[in-house]
Amino acid sequence: MKVELILWSILLLLLVKAYGIRAREMVGDNQWNHGNEKRMTQDLLIRYPSDTDAHLHKGISTGDNVLRLPTMDHARQEHDGHGEVPAMDIHVHLSSHMDHMDPSVRVFFTLKDLKVGKMIPIYFPRRDPLTYPHLLHREQADSIPFSLQDLPYLLQFFSLSEDSSQAKAMKETLRDCEIEAIQGEIKFCATSLESLLDFAQSILGLDSHLQMIKTTYISKSSTLFQNYTIFETPKEIPTPRMVACHTLPYPYIVFYCHRLLSETKVFKVQLVGENGDEVDALAVCHMDTSHFSPNHISFQLLGFKPGTLPVCHFFPDDNLVLVPAPTQI
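Under mature numbering (1 follows the signal peptide of the UniProt record, and there is no 0), the residues of the sequence shown are numbered -23 to -1, 1 to 306, in order.
1) Can you find at least 3 beta carbon pairs, one from the segment 120 to 134 and one from the segment 149 to 168, that sit closer than 8 Å?
2) Please state whether DSSP places M147 in a helix, a strand or coil.
3) Quick check: the Cα distance between C154 and T210, rounded to an integer number of angstroms?
4) For S275, which of helix, strand or coil comes out of DSSP?
5) Would you mind working out which of I190, S198, A144 and H114 sits nearest C175, comparing C-alpha positions?
6) Tell me the residue span of the alpha helix (DSSP H) that contains F176.
7) If I'm right that A258 touches T192 with Cβ under 8 Å, what's the distance once you round it to whole angstroms?
8) Less than 7 Å between the C-beta atoms of V93 and I207, yes or no?
9) With a 10 Å radius around its C-beta and 16 neighbouring C-beta atoms as the bar for buried, classify S138 as buried or exposed.
10) Given that a residue counts as buried once 16 or more other Cβ atoms are within 10 Å of its Cβ, and exposed if not, what is Q188?
11) Take the Cβ of K200 as the centre, count every other Cβ of all protein chains shown within 10 Å, and call the residue buried at 16 or more, exposed below.
12) Indicate whether the contact test is met: 3 or more Cβ pairs, each with one atom in the segment 271 to 279 and one in the segment 79 to 87, closer than 8 Å.
13) Mapping the DSSP letters down to three states, classify residue 307 as helix, strand or coil.
14) Nearest-angstrom Cα distance between F291 and V84?
15) Return yes when the Cβ of A177 is within less than 7 Å of the Cβ of V220, no when it is not.
16) In the DSSP assignment, find the alpha helix (DSSP H) that holds P129 and state where it starts and stops.
17) Do C262 and K242 come within 7 Å of each other at the CB atom, strictly closer than that value?
18) At 3 residues or longer, what runs of the beta strand (DSSP E) sit wholly inside the segment 208 to 255?
19) Pull up the distance between the alpha-carbon of T216 and that of R152, whole angstroms please.
20) Please classify A258: does DSSP put it in a helix, a strand, or coil?
21) Which residues does DSSP pair with N204 in a beta bridge?
22) When you compare the CB positions of I230 and P129, do they come within less than 7 Å of one another, or not?
23) Along the chain, where does the beta strand (DSSP E) that runs through E162 open and close?
24) Going by DSSP, what residues sit across from C289 in a beta bridge?
25) Hey, quick one: how far does the alpha helix (DSSP H) through R103 stretch, first residue to last?
26) What's the C-alpha gap between L279 and I99?
27) Since E116 is in the alpha helix (DSSP H), which residue starts that stretch and which ends it?
28) Per DSSP, V300 is paired with what?
29) Using C-beta distances below 6 Å, list every residue in its chain close to L238, excluding the 5 sequence neighbours before and after it, in chain order.
30) What is the rounded straight-line gap between the Cα of S172 and the Cα of D105?
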(Lines of atoms letter the chains of each structure in order from A and count residues from 1; the text may use other names and numbers.)
(Lines give C-alpha, C1' and ligand atoms only; values in the text may rest on other atoms or scores of the structure.)
Protein backbone atom coordinates (compact mmCIF):
# COMPACT_ATOMS: atom_id res chain seq x y z
CA MET A 1 0.00 0.00 0.00
CA LYS A 2 2.82 2.40 0.85
CA VAL A 3 4.49 1.70 -2.49
CA GLU A 4 1.21 2.34 -4.32
CA LEU A 5 0.72 5.64 -2.50
CA ILE A 6 4.27 6.66 -3.34
CA LEU A 7 3.75 5.86 -7.03
CA TRP A 8 0.50 7.85 -7.07
CA SER A 9 2.24 10.75 -5.35
CA ILE A 10 5.01 10.71 -7.93
CA LEU A 11 2.46 10.73 -10.75
CA LEU A 12 0.60 13.62 -9.17
CA LEU A 13 3.82 15.56 -8.77
CA LEU A 14 4.69 14.95 -12.42
CA LEU A 15 1.29 16.23 -13.49
CA VAL A 16 1.60 19.25 -11.22
CA LYS A 17 5.04 20.04 -12.60
CA ALA A 18 3.95 19.50 -16.18
CA TYR A 19 0.75 21.54 -16.04
CA GLY A 20 1.58 24.28 -13.59
CA ILE A 21 -0.95 23.83 -10.81
CA ARG A 22 -0.60 26.76 -8.44
CA ALA A 23 -3.06 28.88 -6.54
CA ARG A 24 -4.18 32.22 -7.85
CA GLU A 25 -7.32 33.95 -6.65
CA MET A 26 -9.95 34.82 -9.18
CA VAL A 27 -10.75 38.46 -9.58
CA GLY A 28 -13.98 39.74 -8.08
CA ASP A 29 -16.70 37.97 -6.15
CA ASN A 30 -17.97 35.61 -8.87
CA GLN A 31 -20.34 32.89 -7.77
CA TRP A 32 -22.79 30.75 -9.67
CA ASN A 33 -26.23 29.37 -8.97
CA HIS A 34 -27.11 25.86 -10.07
CA GLY A 35 -30.46 24.82 -8.64
CA ASN A 36 -30.32 25.82 -5.00
CA GLU A 37 -26.52 25.67 -4.79
CA LYS A 38 -24.24 28.68 -4.58
CA ARG A 39 -20.52 28.14 -4.72
CA MET A 40 -17.85 30.72 -4.37
CA THR A 41 -15.12 30.52 -7.00
CA GLN A 42 -12.53 32.85 -5.56
CA ASP A 43 -10.23 29.99 -4.58
CA LEU A 44 -10.16 28.24 -7.97
CA LEU A 45 -6.78 27.31 -9.39
CA ILE A 46 -7.59 29.16 -12.59
CA ARG A 47 -5.43 31.73 -14.29
CA TYR A 48 -8.20 34.27 -14.61
CA PRO A 49 -8.44 36.33 -17.82
CA SER A 50 -5.90 39.14 -17.91
CA ASP A 51 -4.16 41.19 -20.56
CA THR A 52 -1.09 38.96 -20.30
CA ASP A 53 -2.96 35.68 -20.73
CA ALA A 54 -3.28 35.52 -24.49
CA HIS A 55 -5.07 32.19 -24.46
CA LEU A 56 -7.68 33.28 -21.91
CA HIS A 57 -8.39 36.97 -22.24
CA LYS A 58 -9.25 37.68 -25.88
CA GLY A 59 -7.24 34.68 -26.93
CA ILE A 60 -8.19 31.14 -25.95
CA SER A 61 -6.48 28.88 -28.41
CA THR A 62 -9.00 28.46 -31.21
CA GLY A 63 -7.22 25.80 -33.24
CA ASP A 64 -8.50 22.26 -33.01
CA ASN A 65 -5.99 19.78 -31.69
CA VAL A 66 -5.31 17.85 -34.86
CA LEU A 67 -4.30 14.75 -32.92
CA ARG A 68 -7.80 14.11 -31.57
CA LEU A 69 -9.52 14.25 -34.94
CA PRO A 70 -8.88 10.86 -36.56
CA THR A 71 -11.85 9.41 -34.69
CA MET A 72 -13.75 12.58 -33.88
CA ASP A 73 -14.15 13.48 -37.55
CA HIS A 74 -16.59 10.58 -37.86
CA ALA A 75 -18.48 11.69 -34.76
CA ARG A 76 -18.81 15.24 -35.99
CA GLN A 77 -19.85 14.07 -39.44
CA GLU A 78 -22.68 11.98 -38.00
CA HIS A 79 -23.62 14.68 -35.53
CA ASP A 80 -23.81 17.40 -38.18
CA GLY A 81 -25.38 15.18 -40.81
CA HIS A 82 -22.93 16.27 -43.48
CA GLY A 83 -21.26 14.06 -46.02
CA GLU A 84 -18.05 16.03 -45.71
CA VAL A 85 -16.16 17.10 -42.63
CA PRO A 86 -16.17 20.92 -42.38
CA ALA A 87 -12.90 22.57 -43.32
CA MET A 88 -12.57 24.09 -39.85
CA ASP A 89 -12.57 20.57 -38.40
CA ILE A 90 -9.77 19.48 -40.66
CA HIS A 91 -7.74 22.32 -39.16
CA VAL A 92 -5.90 23.20 -42.33
CA HIS A 93 -6.40 25.44 -45.33
CA LEU A 94 -5.45 23.32 -48.30
CA SER A 95 -4.25 24.94 -51.49
CA SER A 96 -3.33 23.47 -54.83
CA HIS A 97 0.13 22.75 -53.48
CA MET A 98 1.06 20.81 -50.34
CA ASP A 99 3.83 23.30 -49.55
CA HIS A 100 1.16 25.82 -48.57
CA MET A 101 -0.32 23.54 -45.92
CA ASP A 102 -0.60 24.82 -42.38
CA PRO A 103 2.69 23.69 -40.77
CA SER A 104 0.93 22.87 -37.49
CA VAL A 105 -0.44 19.66 -39.05
CA ARG A 106 3.07 18.40 -39.74
CA VAL A 107 3.12 15.83 -36.97
CA PHE A 108 2.23 12.70 -38.93
CA PHE A 109 4.51 10.02 -40.32
CA THR A 110 4.49 6.32 -41.18
CA LEU A 111 5.80 3.38 -39.19
CA LYS A 112 8.57 2.78 -41.72
CA ASP A 113 9.91 6.28 -40.95
CA LEU A 114 10.91 5.18 -37.44
CA LYS A 115 14.58 4.54 -38.10
CA VAL A 116 17.87 6.20 -37.26
CA GLY A 117 18.84 8.90 -39.75
CA LYS A 118 15.32 9.52 -41.02
CA MET A 119 14.53 13.22 -41.44
CA ILE A 120 10.94 14.28 -40.78
CA PRO A 121 9.45 17.82 -40.89
CA ILE A 122 7.71 18.28 -37.52
CA TYR A 123 5.77 21.08 -35.86
CA PHE A 124 6.23 21.29 -32.09
CA PRO A 125 4.20 24.10 -30.47
CA ARG A 126 6.14 25.88 -27.76
CA ARG A 127 4.49 28.12 -25.20
CA ASP A 128 5.67 29.90 -22.12
CA PRO A 129 4.54 27.69 -19.18
CA LEU A 130 3.41 30.85 -17.39
CA THR A 131 0.73 31.34 -20.05
CA TYR A 132 -0.74 27.85 -19.62
CA PRO A 133 -4.18 27.55 -18.04
CA HIS A 134 -4.34 25.44 -14.90
CA LEU A 135 -5.39 21.89 -14.22
CA LEU A 136 -8.04 21.98 -11.52
CA HIS A 137 -8.77 19.72 -8.59
CA ARG A 138 -12.10 17.88 -8.72
CA GLU A 139 -13.88 20.07 -6.17
CA GLN A 140 -12.93 23.19 -8.10
CA ALA A 141 -13.85 21.74 -11.50
CA ASP A 142 -17.18 20.43 -10.21
CA SER A 143 -18.09 23.91 -9.01
CA ILE A 144 -18.23 25.14 -12.63
CA PRO A 145 -20.82 23.78 -15.08
CA PHE A 146 -19.39 22.05 -18.14
CA SER A 147 -22.06 21.60 -20.79
CA LEU A 148 -23.33 23.23 -23.96
CA GLN A 149 -26.60 24.20 -22.30
CA ASP A 150 -24.62 26.25 -19.77
CA LEU A 151 -22.54 28.04 -22.42
CA PRO A 152 -24.34 31.41 -22.04
CA TYR A 153 -23.60 31.39 -18.33
CA LEU A 154 -20.01 30.27 -18.90
CA LEU A 155 -19.35 33.09 -21.36
CA GLN A 156 -20.60 35.55 -18.77
CA PHE A 157 -18.58 33.83 -16.06
CA PHE A 158 -15.36 34.13 -18.08
CA SER A 159 -16.23 37.60 -19.43
CA LEU A 160 -16.29 36.51 -23.08
CA SER A 161 -18.56 37.87 -25.78
CA GLU A 162 -20.82 35.44 -27.62
CA ASP A 163 -19.33 36.21 -31.04
CA SER A 164 -15.68 36.02 -29.95
CA SER A 165 -13.26 33.41 -31.24
CA GLN A 166 -12.82 32.27 -27.65
CA ALA A 167 -16.55 31.57 -27.33
CA LYS A 168 -16.49 29.57 -30.55
CA ALA A 169 -13.54 27.54 -29.26
CA MET A 170 -15.33 26.83 -25.98
CA LYS A 171 -18.45 25.78 -27.88
CA GLU A 172 -16.45 23.37 -30.02
CA THR A 173 -14.78 21.87 -26.96
CA LEU A 174 -18.09 21.37 -25.15
CA ARG A 175 -19.67 19.88 -28.25
CA ASP A 176 -16.74 17.53 -28.82
CA CYS A 177 -16.99 16.37 -25.23
CA GLU A 178 -20.74 15.69 -25.48
CA ILE A 179 -20.73 13.86 -28.83
CA GLU A 180 -20.87 10.11 -28.35
CA ALA A 181 -17.71 8.12 -28.96
CA ILE A 182 -17.44 6.26 -32.23
CA GLN A 183 -17.31 2.50 -32.42
CA GLY A 184 -14.04 1.23 -31.02
CA GLU A 185 -13.37 4.30 -28.88
CA ILE A 186 -13.86 4.98 -25.18
CA LYS A 187 -13.67 8.71 -24.50
CA PHE A 188 -13.87 11.09 -21.58
CA CYS A 189 -13.26 14.80 -21.11
CA ALA A 190 -11.32 15.31 -17.90
CA THR A 191 -11.77 18.70 -16.27
CA SER A 192 -9.78 17.87 -13.15
CA LEU A 193 -6.70 16.01 -12.04
CA GLU A 194 -8.69 13.38 -10.17
CA SER A 195 -11.14 12.72 -12.99
CA LEU A 196 -8.27 12.21 -15.41
CA LEU A 197 -6.65 9.66 -13.12
CA ASP A 198 -9.98 7.94 -12.37
CA PHE A 199 -10.69 7.49 -16.06
CA ALA A 200 -7.19 6.19 -16.73
CA GLN A 201 -7.49 3.65 -13.92
CA SER A 202 -10.92 2.53 -15.13
CA ILE A 203 -9.35 1.70 -18.49
CA LEU A 204 -5.94 0.44 -17.42
CA GLY A 205 -7.06 -1.39 -14.29
CA LEU A 206 -8.04 -0.23 -10.82
CA ASP A 207 -5.02 -1.98 -9.35
CA SER A 208 -2.61 -0.67 -11.97
CA HIS A 209 0.25 1.63 -11.19
CA LEU A 210 0.26 4.30 -13.88
CA GLN A 211 3.16 5.56 -15.93
CA MET A 212 2.89 8.95 -17.63
CA ILE A 213 4.71 9.42 -20.94
CA LYS A 214 5.06 12.78 -22.65
CA THR A 215 7.22 14.80 -25.00
CA THR A 216 10.04 16.79 -23.44
CA TYR A 217 11.82 19.68 -25.11
CA ILE A 218 15.45 19.22 -24.11
CA SER A 219 16.52 22.61 -25.42
CA LYS A 220 14.71 25.92 -25.34
CA SER A 221 13.83 27.28 -28.75
CA SER A 222 11.47 29.61 -30.55
CA THR A 223 11.50 27.49 -33.70
CA LEU A 224 8.15 25.77 -34.09
CA PHE A 225 8.56 24.00 -37.42
CA GLN A 226 11.73 22.46 -38.78
CA ASN A 227 13.23 19.22 -40.06
CA TYR A 228 14.16 16.77 -37.31
CA THR A 229 16.41 13.74 -37.63
CA ILE A 230 16.05 10.57 -35.56
CA PHE A 231 19.47 10.09 -33.98
CA GLU A 232 18.86 7.05 -31.78
CA THR A 233 16.97 3.82 -32.33
CA PRO A 234 13.33 4.54 -31.40
CA LYS A 235 12.30 2.77 -28.20
CA GLU A 236 8.96 1.00 -28.24
CA ILE A 237 7.17 0.99 -24.90
CA PRO A 238 5.37 -2.36 -24.73
CA THR A 239 1.89 -1.95 -23.30
CA PRO A 240 -1.33 -3.95 -23.64
CA ARG A 241 -3.42 -0.77 -23.51
CA MET A 242 -3.04 2.97 -23.22
CA VAL A 243 -4.98 6.17 -22.62
CA ALA A 244 -4.07 9.21 -24.68
CA CYS A 245 -5.02 12.68 -23.44
CA HIS A 246 -5.05 15.79 -25.62
CA THR A 247 -5.62 19.33 -24.39
CA LEU A 248 -8.66 21.21 -25.68
CA PRO A 249 -9.08 24.99 -25.93
CA TYR A 250 -10.75 26.19 -22.74
CA PRO A 251 -10.14 28.76 -19.94
CA TYR A 252 -8.72 25.97 -17.77
CA ILE A 253 -7.11 22.71 -18.82
CA VAL A 254 -9.51 20.18 -20.29
CA PHE A 255 -8.14 16.86 -21.51
CA TYR A 256 -9.85 14.86 -24.22
CA CYS A 257 -8.82 11.38 -23.06
CA HIS A 258 -9.58 8.29 -25.05
CA ARG A 259 -8.77 4.66 -25.48
CA LEU A 260 -8.91 3.15 -28.95
CA LEU A 261 -9.72 -0.53 -28.89
CA SER A 262 -7.71 -1.12 -32.06
CA GLU A 263 -3.97 -1.83 -31.83
CA THR A 264 -1.66 1.07 -31.04
CA LYS A 265 2.07 1.25 -30.44
CA VAL A 266 3.86 3.75 -28.22
CA PHE A 267 7.40 4.99 -28.87
CA LYS A 268 9.93 7.40 -27.42
CA VAL A 269 11.97 8.99 -30.20
CA GLN A 270 15.14 11.04 -29.82
CA LEU A 271 15.14 13.90 -32.32
CA VAL A 272 17.59 16.64 -33.25
CA GLY A 273 16.48 19.62 -35.32
CA GLU A 274 18.26 21.46 -38.08
CA ASN A 275 19.14 24.23 -35.65
CA GLY A 276 20.34 21.79 -32.98
CA ASP A 277 17.13 21.57 -30.94
CA GLU A 278 16.79 18.24 -29.12
CA VAL A 279 13.42 16.68 -28.37
CA ASP A 280 12.63 13.52 -26.41
CA ALA A 281 9.43 12.90 -28.32
CA LEU A 282 6.39 10.76 -27.59
CA ALA A 283 4.95 9.09 -30.67
CA VAL A 284 1.94 6.83 -31.12
CA CYS A 285 1.18 4.63 -34.12
CA HIS A 286 -2.37 3.56 -34.94
CA MET A 287 -1.99 0.17 -36.57
CA ASP A 288 -5.58 -0.09 -37.81
CA THR A 289 -6.93 3.08 -39.40
CA SER A 290 -9.95 1.54 -41.11
CA HIS A 291 -12.31 3.37 -38.71
CA PHE A 292 -10.68 6.78 -39.27
CA SER A 293 -12.35 9.43 -41.39
CA PRO A 294 -11.00 9.52 -44.97
CA ASN A 295 -11.22 13.32 -44.69
CA HIS A 296 -8.62 13.48 -41.96
CA ILE A 297 -5.58 15.54 -42.81
CA SER A 298 -3.15 12.71 -42.00
CA PHE A 299 -4.23 10.81 -45.11
CA GLN A 300 -3.92 13.89 -47.29
CA LEU A 301 -0.49 14.52 -45.86
CA LEU A 302 0.80 10.95 -46.09
CA GLY A 303 -0.90 10.05 -49.34
CA PHE A 304 -2.85 6.89 -48.56
CA LYS A 305 -6.35 5.82 -47.55
CA PRO A 306 -7.74 4.59 -44.22
CA GLY A 307 -7.10 0.93 -43.51
CA THR A 308 -4.07 0.60 -45.78
CA LEU A 309 -1.13 1.59 -43.56
CA PRO A 310 -0.54 2.59 -39.92
CA VAL A 311 -0.66 6.31 -39.12
CA CYS A 312 1.83 7.63 -36.57
CA HIS A 313 2.06 11.04 -34.98
CA PHE A 314 4.16 12.95 -32.49
CA PHE A 315 2.64 14.51 -29.37
CA PRO A 316 3.26 18.10 -28.25
CA ASP A 317 4.51 18.55 -24.71
CA ASP A 318 1.09 19.39 -23.26
CA ASN A 319 -0.43 16.07 -24.36
CA LEU A 320 0.26 12.79 -22.60
CA VAL A 321 -0.17 9.05 -22.62
CA LEU A 322 -0.88 6.90 -19.56
CA VAL A 323 0.03 3.21 -19.54
CA PRO A 324 0.31 0.55 -16.83
CA ALA A 325 3.70 0.89 -15.18
CA PRO A 326 6.09 -2.05 -15.58
CA THR A 327 5.92 -4.52 -12.69
CA GLN A 328 8.46 -3.62 -10.06
CA ILE A 329 10.55 -6.55 -8.83
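C-beta: ideal position from N, C-alpha, C; glycine also. Just so we're clear, the structure is a prediction, and the values are computed from it rather than from any experiment.
Answer, in terms of the structure:
1) Yes: the two stretches touch, three or more of their Cβ pairs being nearer than 8 Å.
2) Here residue 147 corresponds to residue number 170 of the sequence shown, with the count starting at 1. M147 sits in a helix when the DSSP states are folded into three classes.
3) One-based indexing of the sequence shown puts residue 154 at position 177. One-based indexing of the sequence shown puts residue 210 at position 233. Using only the alpha carbons, I get a separation of about 37 Å.
4) Locating residue 275 in the sequence shown gives position 298, counting from the first residue. Of the three classes helix, strand and coil, the one that applies to S275 here is helix, per DSSP.
5) To locate residue 175, count along the sequence shown from 1; it is residue 198. Inspection of the sequence shows that residue 175 is occupied by Asp rather than by Cys. Cα-wise, what sits closest to D175 is H114.
6) Within the sequence shown, residue 176 is the residue found at index 199, counting from 1. For F176, the uninterrupted alpha helix (DSSP H) run begins and ends at L170 to L181, by DSSP.
7) By one-based count along the sequence shown, residue 258 stands at place 281. By one-based count along the sequence shown, residue 192 stands at place 215. Contact annotation, A258 with T192: C-beta distance approximately 5 Å; criterion of less than 8 Å satisfied.
8) Within the sequence shown, numbered from 1, the residue matching residue 93 stands at position 116. Within the sequence shown, numbered from 1, the residue matching residue 207 stands at position 230. Closer than 7 Å, so yes.
9) Locating residue 138 in the sequence shown gives position 161, counting from the first residue. That one is exposed.
10) Stepping through the sequence shown from its first residue, residue 188 is reached at position 211. Its Cβ being crowded by 16 or more others within 10 Å, Q188 is buried.
11) Locating residue 200 in the sequence shown gives position 223, counting from the first residue. The sequence shown places Thr at residue 200, not Lys. Around the C-beta of T200, fewer than 16 other C-beta atoms lie within 10 Å, and the residue is accordingly described as exposed.
12) Using a Cβ-Cβ distance cut-off of 8 Å, the segment 271 to 279 and the segment 79 to 87 are in contact, since at least three pairs of beta carbons, one from each stretch, lie closer than that value.
13) Nothing about residue 307 can be read from this structure; the chain reaches only from -23 to 306.
14) In the sequence shown, residue 291 corresponds to position 314, counting from 1. In the sequence shown, residue 84 corresponds to position 107, counting from 1. CA-CA distance, F291 to V84, rounds to 5 Å.
15) Residue numbering aside, residue 220 sits at position 243 when the sequence shown is read from its first letter. Residue numbering aside, residue 177 sits at position 200 when the sequence shown is read from its first letter. Yes, Cβ-Cβ distance for V220 and A177 is below 7 Å.
16) If you number the sequence shown from 1, residue 129 lands on position 152. According to the DSSP assignment, P129 belongs to the alpha helix (DSSP H) that extends over L128 to F134.
17) The residue labelled residue 242 in the question sits at position 265 within the sequence shown. The residue labelled residue 262 in the question sits at position 285 within the sequence shown. Yes; because the gap between Cβ atoms is below 7 Å, this pair is in contact.
18) The segment 208 to 255 contains these whole beta strand (DSSP E) runs: 220 to 225, 231 to 237 and 241 to 250.
19) In the sequence shown, residue 216 corresponds to position 239, counting from 1. In the sequence shown, residue 152 corresponds to position 175, counting from 1. Those two C-alpha atoms are separated by around 31 Å.
20) On the sequence shown, position 281 is the one that residue 258 refers to. Strand, per DSSP.
21) As a first step, residue 204 is located in the sequence shown; it is residue number 227 there, counting from the start. N204 is bridged to P98.
22) Here residue 230 refers to the residue found at position 253 of the sequence shown. Here residue 129 refers to the residue found at position 152 of the sequence shown. It is not a contact, given that the beta carbons lie outside the stated cut-off.
23) Along the sequence shown, read from residue 1 onward, the residue named residue 162 stands at position 185. E162 -> beta strand (DSSP E) spans E162 to A167.
24) As a first step, residue 289 is located in the sequence shown; it is residue number 312 there, counting from the start. Residue pairing from DSSP places C289 in a beta bridge opposite F86 and C262.
25) Within the sequence shown, the letter at position 126 stands for residue 103. Note, R103: premise wrong, no alpha helix (DSSP H); not H, not E.
26) Mapped onto the sequence shown, residue 279 falls at position 302. Mapped onto the sequence shown, residue 99 falls at position 122. Between the alpha carbons of L279 and I99 lies a distance of about 13 Å.
27) Sequence index remark: in the sequence shown, residue 116 carries index 139 (1-based). Counting along the chain, the alpha helix (DSSP H) containing E116 begins and ends at R115 to D119.
28) Here residue 300 is taken as the residue at index 323 of the sequence shown, counted from 1. DSSP output for V300 lists Q188 as bridge partner(s).
29) Locating residue 238 in the sequence shown gives position 261, counting from the first residue. Around L238: G161.
30) If you number the sequence shown from 1, residue 172 lands on position 195. If you number the sequence shown from 1, residue 105 lands on position 128. One C-alpha to the other measures close to 26 Å.
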